[in-house]
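Engineer: The opening residue of the sequence shown carries number 1 in the working numbering; numbering runs sequentially from there.
All C-beta atoms in this analysis are idealised placements derived from N, C-alpha and C, irrespective of residue type, glycine included.
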Amino acid sequence: MSAVPGSVDTDRQPPMTVPLRHFAVGLGFLLAGAVLGAGAGIGVLPGRGGLVHVHFLLVGWVCITIMGTMTQFVPVWSNVALHSRRLANAGLGSVAAGLLGFGTALSFLPVAWLVPFAALMLAGFWTFVYNIARTLAGVFARGGAAALGVFGAFAVISVLAVVASDLIEHVLPAVELSVGALLVGLGIAVLAGHTGSLHVPLPKRRASVLGFALFGALYALAAMACVLPLFLAVTLQSVTFPALGTAVVLGAYAGGFGVLMVGATIATAVGHDALVGRAGEHVGTLTRLAGGVLVAAGGGQMYLAVAG
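Here it is in structure tokens:
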């Protein structure tokens, strides 16, 4: 059984020489750190040489190996091409050269020499970060567009709710009770295994930034429909505050959904196939859990509606 999910495009990965180069350099620092650590143990290292093996192990082995691993697997799991192989190699060279100079300065040179070599290492790390960030730039843009779609939908629905506040206050108790009863019924049906089957022809998936913005807006509308009583209660309560308070409450509500959209988009890009593969093995358990949650949520909603 393959460890790589079938829908992952492994052709997106950079050549194996890129991560192998990181691993080879990291392994060299690991061996050097082990030798220097032994020398520090018997007290034969000059100057501040006792600190050199610590830096070689943590920065040279651990950090450089992590850099190589991320350079290899972020493009694979995100199904995007690495932004720049040259930047990947440049970042590795900068970190390695800076670390060698840093170790030399610790052993033989004045403390002032640590600064330029530390700056060289820092430049290498930031080159790595920039390269990975540019690799995932499309993911961040789509996540942000989805969040903007959420904010737009919340803004429109909030205005409509405020305008029709008198009517909403009149029908809200009945809506709360009806939603609770509906959730209980759906939960019982799910627990009994009667989930039904509804086949809807879906339009072609849009991977553009505009497509994700529309998805965010539709997601917000669907989410508000699921928690309609809560959303209406928050909206109507917020209009009793000063203008700034109203903006803060509604902004926080929409912001929570916006953060979820950005996080979900990025998480989906970097780990969708691995998550789906594992979750697929527990569909029955997850379905029963969902049914129980629906029953509990519906019962709680009905209790609050009656008690209120």
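Which one of V25, L214, G300 and A88 has the shortest CA to CA distance from A133?
Structural biologist: A88
Engineer: Indicate whether G68 and F23 have their beta-carbon atoms separated by less than 7 angstroms.
Structural biologist: yes
Engineer: Does the beta carbon of A137 come closer than 7 angstroms to any beta carbon on chain C?
Structural biologist: As a matter of chain content, chain C is missing from the structure shown, which is built from one protein chain.
Engineer: Would you kindly work out how many angstroms separate the C-alpha atoms of F29 and G39, rounded to a whole number?
Structural biologist: 15 angstroms
Engineer: Quick one: residues in its chain with C-beta nearer than 7 angstroms to the C-beta of L51, no 5 flanking neighbours on either side, listed in chain order?
Structural biologist: Excluding residues within five positions, the ones whose Cβ falls inside 7 angstroms are L106.
Engineer: Tell me whether R48 sits in a helix, a strand or coil according to DSSP, three-state version.
Structural biologist: coil
Engineer: Should I64 go down as buried or exposed, given a rule of 16 or more other Cβ atoms within 10 Å for buried?
Structural biologist: buried
Engineer: Just how far apart, CA to CA, sit L31 and V25?
Structural biologist: 10 angstroms
Engineer: When burial is assigned at 16 or more other CB atoms within 10 Å of the CB, is V129 buried or exposed?
Structural biologist: exposed
Engineer: Check the C-beta distance from Q72 over to L183 and give it rounded, since I have them as a contact under 8 angstroms.
Structural biologist: That belief does not hold up - the Cβ atoms of Q72 and L183 are roughly 45 angstroms apart, past 8 angstroms.
Engineer: Leaving out five residues before and five after R48 in sequence, what residues of the same chain have Cβ atoms less than 6 angstroms from its Cβ?
Structural biologist: L106
Engineer: Taking only three categories from DSSP, how would you classify V80?
Structural biologist: coil
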